[in-house]
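Have a look at the structure below before the remarks.
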Amino acid sequence: MNFFVNAAMGLGNSGVEHAEFYRAARFEQAKLPYRFVFLDLIKELRAATAKWQLADERVLNLWEYCVFGGDYLTTGAAPTQAETSDLIIDNTDTHRLRTTVTDTGMRIVEHLVKYPDQHHPDNPVLLVGTSRIELFAPNGERKVMFELLDDVNRGSVLTNIHLFAERGQHRFFQNAVTLYQYFFAQLAAAYPGPSNWLIDRGENTDEALVSARPANSHLLYMVHADQLADRDDVRYPLWNNHYEYLLDHLTEFDRVVVATELQRQDLLVDFPTAGARVVAIPVGGVSDAAPAPRPARAAGPLRLITASRLASEKHIDLAIRAVAAQHDSGQAVTFDIYGAGGEESKLRDLIKELKADDYIQLKGLSNTLATVYPQYDAFISASFSEGFGLTYIEALNAGLPVITLKARFGALALIQDGVNGFLQDFKRDDADYTVAQLQAGLTRAAASDLAGMATRASVANYQDHVIAAKWRTLIDAL
14 MNFFVNAAMG LGNSGVEHAE FYRAARFEQA KLPYRFVFLD LIKELRAATA
64 KWQLADERVL NLWEYCVFGG DYLTTGAAPT QAETSDLIID NTDTHRLRTT
114 VTDTGMRIVE HLVKYPDQHH PDNPVLLVGT SRIELFAPNG ERKVMFELLD
164 DVNRGSVLTN IHLFAERGQH RFFQNAVTLY QYFFAQLAAA YPGPSNWLID
214 RGENTDEALV SARPANSHLL YMVHADQLAD RDDVRYPLWN NHYEYLLDHL
264 TEFDRVVVAT ELQRQDLLVD FPTAGARVVA IPVGGVSDAA PAPRPARAAG
314 PLRLITASRL ASEKHIDLAI RAVAAQHDSG QAVTFDIYGA GGEESKLRDL
364 IKELKADDYI QLKGLSNTLA TVYPQYDAFI SASFSEGFGL TYIEALNAGL
414 PVITLKARFG ALALIQDGVN GFLQDFKRDD ADYTVAQLQA GLTRAAASDL
464 AGMATRASVA NYQDHVIAAK WRTLIDAL
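One rule links them: number in my numbering = place in the sequence shown (from 1) + 13.
Laid out in C-alpha cells, this is it:
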C-alpha cells in the first residue's frame, strides 16, 4: 500500500493538499493503490472528503481510528448526521467547554483554560486556549483523552495521550511521536505486504517513521517548497523548517521527490552522491484530452487573475500595488484574486487604501478554476518562491501567459520569458523595486499578442499520462 501522510486537509487547502489530490488521480491512472493518512484532529474531515471528491475508505485519520477502531482502517468512515456544536461560557464571559459532534458521530469535548501569554510576557491580556480534549464514540463511550501544553519554544504540544480500551487495553503515550509510531504500525498491519510512506507534511512524522520504520517499507520524502531561503545568504539557510530533518537525515529516505529538475540539481549541490535517491516528478499537470480552443482576447481592459492561499509568503500585496500603479498610469486593467487565508483583511484594506475597489476584487475560493481561467487574459504571481506552481500549469493550459518573478523553482522551470509568459527580476528586501518590475511585466503583457503565445504547447510534457508513468516507474523500482 502507498500511504500519503499529511497533518490535515480542510474545505480550503494549500498547494500541498492539492498536490496530494493530483497524485492520487495519477496513482489511479497508473493502477497504484493508495490511502490518504491525516494526523490532526479535523472536525470537518468528511465534509472536506466530499468537497474534494475523495472516497471515504481512502481517507484515514489517526483520531477517527482511535474512536471507531474495528475495521476502520480498511473501510474509513462516512457521514451519518449533521454536525452540531455547543459552547459553555462562564459569568466572566470566558469560553470554558466546547463540544462538537462531527458528522460521523464522534463527540469532541474541548476543555478551555485562561492563562498568561508566555510568548509575549508584556501582553496584559490573558489568553484562552484548549488544555485537554476528550473523544467519545457515538455510543457515548470515552475513547481518547489528551492534553495540549503551550510550550514557550514549541507552541502547542500534544502530550499525556490515553487511549481507552484500544485493542482491549488502556494505552498511554507521552508524546505525538510515540502515538504516531503506534498508529503507523496498525496501518501496516491492516495492509499486509510492502508499504511506501510518502511524507507530505506534518511535524514529527518523519522522525516517527525513521525511528520505527514498519517492516518491508520504503520512506519517500515529498518536497513541496524550496528547501533553502537563499543559497547566497548563510544567515537564513532554510526556507521551510519542515525540511531540516530531511536535510540532516537524507540517507534514511529511499527517495526524495521534488517537483522540478531545477530543484533536483540544486539539492545535489549539497548532496552530490544522492543522484539516484533524488527524483523529479511534477506535482501538477494537464489533462490528456485536448483543451477547448482559446477564444480571442475580448476588447477592453487587460483582465488579470491570480489564485493562491492569501498568505504573506505569496506577496499578493505587491501584485495589487503593481496593478494599481499600472491602472494609474492609464492602462485599463482588472485584477481578480481567488483564494482564502490569513491575509484577506489586510489585502482588502490595501485595495481600499489604493481606491482600487472598482477594478481589483477578492473573489474567494473556487473549485472550478479550470472554467474560470478562460475569462481572463493573463495570470500574475508575486511569490518569491514556488516549489512548482500548480496554478501556473492550470493557467498555461487554459491559454493564459504568466507574469511572474524569477522565483525558484516553479517559475524558472515553467515560464520561458516572452514565449509563454514574462519573467521579472525581484529583490527580497526592496518592495518598491519588485512592484516596479511587476508593473514592467504588465506593460510588456499589454503590448503583446497574448493569445498567440505558446502557452499550451509549453505544458505538453506535463500531461497526466506522462506523470502517471513517472510514478509507476518510481514505485516499481522500490
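All C-beta atoms, glycine included, are put in the ideal place defined by N, C-alpha and C.
Judged by DSSP in its simplified three-state form, Ile174 adopts strand. According to DSSP, Asp164 shares a beta bridge with Gly168.
For the options Arg167, Arg361, Ser394, Asp371, the alpha carbon positioned closest to that of His328 is the one of Ser394.
Judged by DSSP secondary structure, Lys365 falls outside any beta strand (DSSP E) and instead within the alpha helix (DSSP H) spanning 357-366. Annotation: the stretch 423-482 contains the following complete segments of the alpha helix (DSSP H) (minimum length 4 residues), in chain order: 423-427, 444-459.
Leu58 sits in a helix when the DSSP states are folded into three classes. Between Arg39 and Phe17, the CB-CB gap reaches or exceeds 8 angstroms. Three or more beta-carbon pairs separated by less than 8 angstroms link the stretch 269-283 to the stretch 291-299, which places the two stretches in contact. When DSSP states are grouped into helix, strand and coil, Val138 belongs to the coil group. Around the Cβ of Arg441, a 10 Å sphere holds fewer than 16 other Cβ atoms; the residue is exposed.
Counting C-beta pairs with one atom in each stretch, the stretch 426-435 and the stretch 458-472 have three or more that are closer than 8 angstroms, which means they touch.
Rounded to the nearest angstrom, the gap between the Cα atoms of Glu77 and His133 is 35 angstroms. With distances taken between CA atoms, Thr107 lies nearest to Thr143 out of Thr97, Thr87, Thr143.
Excluding its 5 nearest sequence neighbours in each direction, Leu75 has C-beta neighbours in its own chain below 6 angstroms: Leu52, Phe196, listed in chain order.
Remark: C-beta atoms of Asp99 and Gln131 do not approach each other more closely than 8 angstroms.
Each of Leu140, Lys156, Ala460 was checked against the Cα of Glu147, and the nearest Cα belongs to Lys156. For Gln66, there is no enclosing alpha helix (DSSP H), as DSSP marks it with neither H nor E.
Closest in alpha carbon position to Gln450, among Gln437, Val223, Ala458, is Gln437. Taking the Cα of Leu110 as reference, the smallest distance to any Cα among Ala353, Val126, Thr117 is reached at Val126.
Residues Ala411 of the same chain have their beta carbon placed closer than 6 angstroms to that of Pro387, with the five preceding and five following residues left out of the count. Here the C-alpha atom of Phe284 lies approximately 29 angstroms from the C-alpha atom of Tyr193. If you check the CB distance, Leu360 and Ile333 come in under 8 angstroms. The beta-bridge partner set that DSSP reports for Gln374 consists of Asp349. As summarised for the stretch 284-332, the continuous beta strand (DSSP E) elements at least 3 residues long and confined to that stretch are 291-293, 315-320, given in chain order. The DSSP-derived three-state label of Val247 is coil. Looking from the CA of Leu378, the closest CA among Met14, Gly23, Asn15, Asn19 belongs to Gly23.
Annotation for Thr88: no beta strand (DSSP E) segment contains it, though the alpha helix (DSSP H) segment containing it runs 85-88. Membership of Gln194 in the alpha helix (DSSP H) is indicated by the continuous run 189-203.
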